[in-house]
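Under the working numbering, think of the first position of the sequence shown as 328, with each following residue one higher.
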Amino acid sequence: MDLLENIFLSKARAGILKKLFLERDREYYLRELERETGVTYKALHTDIHRMQELDLISMRVDGNRNYFKANTKHPLFEDFHSIANKVYGPIPKLKELFEKQNGIESAFIFGSYAKGETHAGSDLDLFIIGDISVRKLSNLLWEAQKEITYEINDHIYTKKDFKAKRNKDHFLKSLKDTEKIFLKGNEDEFKEILS
């Protein structure tokens, strides 16, 4: 049983939170939620209607299907979105991935995700410095991408290449002052690599 199942005492509610509150603009019909969460239709139906009564979820009818999505106007939406993101989002998945890998000195998310400005279709900008095989890293990122619901736009540099280009390349210079979410290393270590 995972953290949210323990908190919410229901695999169905945890699955609903994961799917509807992690992807703020995504709509699901019940059979689709059943397939993606592994929770029975009956359990989802019961809990989704409870959450609907609390105005946490809105419903749209299209033909014979009812589509559900998180009510982004609810005062608690951002809190639930934040919880879902901290437990199921890309940060814990990618941190776990990078902690296990030798040869990566610094890895961070930047761009719209780091600024908190994502929307449907946003990608995840990922910057990596290290001496690790690009092929190995690409395979790892491809596997991670299946779980995190974002397309990963990676920028991979060896430490030597990064040091050679850091003062000449406009993109690399711009990273110094951009918002970052570190997955491996930290801001001080990154600044040390920059110097």
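Glycine included, every Cβ here is placed at the ideal spot set by N, Cα and C. In this text the structure is predicted, and so the values were computed from the model without any measurement.
Using a C-beta cut-off of 8 Å, the region 491-502 makes no contact with the region 363-373, since fewer than three inter-stretch Cβ pairs fall below that distance.
In the DSSP secondary-structure assignment, Y368 is not bridged to any residue.
Beyond the five residues adjoining it in sequence on each side, N393 comes within less than 8 Å, by CB distance, of Y356, L357, M386, R387 in the same chain, given in chain order.
Sequence-distant partners of I418 (beyond 5 residues in either direction) whose C-beta falls short of 8 Å from its own C-beta, in its chain, are N412, I436, I508, L510. Residue range 461-475 is occupied by the alpha helix (DSSP H) that includes E474. Rounded to whole angstroms, the separation of the alpha carbons of G416 and K338 is 17 Å. A Cβ-Cβ contact shorter than 8 Å links E516 with S433.
In this structure H376 is exposed. Its beta-carbon is surrounded by fewer than 16 other beta-carbon atoms within 10 angstroms.
Residue environment for D352: exposed (fewer than 16 other C-beta atoms within 10 angstroms of its C-beta).
Counting along the chain, the unbroken beta strand (DSSP E) around G457 starts and ends at 450-457. Put simply, of E363, Y484, P402 the residue whose alpha carbon is nearest the alpha carbon of R462 is Y484. By the neighbour-count criterion, in which a residue is buried when 16 or more other Cβ atoms sit within 10 angstroms of its Cβ, E361 is buried.
Assignment of R351 by DSSP, reduced to helix, strand and coil, places it in the coil class.
For E474, the closest alpha carbon among the candidates S409, T399, V414 is that of V414. For S385, the three-state secondary structure derived from DSSP is strand. Within the region 384-451, the runs of alpha helix (DSSP H) that reach at least 4 residues and sit entirely inside it are, in chain order, 404-415, 417-426, 439-442. The distance from the Cβ of N480 to that of D504 is about 19 Å, inconsistent with a contact at the 8 Å cut-off. As computed with DSSP, D481 is found in a beta bridge with L453.
Proximity to S522 across G512, E506, K500 peaks at K500, based on C-alpha coordinates.
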